[in-house]
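Since the structure comes first, as structure tokens, the remarks are kept for the end.
Residue numbers (the numbering used here): 35 to 99.
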């Protein structure tokens, strides 16, 4: 399989900088995993995502930058 052709486009639109990303609480340490709250939860809750993931619904959280 070839490399992901969209990889370069995702650098500025990762979950860590998105307004819909809620990091998992792990004491006082920053977490690398969280929940995406872009859409209503399903029966399994909000989807779990890594801070380095990305999607087409990204919306910049100016306080996270």
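Cβ atoms here follow ideal geometry from the backbone N, Cα and C, with glycine treated the same way.
For residue i, the residue or residues it bridges with in DSSP
i          : result
residue 76 : 79
residue 66 : Residue 66 is not bridged to any residue.
residue 89 : Answer is none; residue 89 lacks a bridge partner.
residue 48 : 88
The beta strand (DSSP E) enclosing residue i, as first and last residue numbers
i          : result
residue 60 : Premise fails: residue 60 is in no beta strand (DSSP E) and is neither H nor E.
Other residues of its chain near residue i: CB distance less than 7 angstroms, five sequence neighbours each side excluded
i          : result
residue 95 : 51, 52, 53
residue 66 : 84, 85
Same chain only: Cβ atoms within 6 angstroms of residue i, ignoring 5 sequence neighbours per side
i          : result
residue 87 : 49
residue 57 : 65, 68
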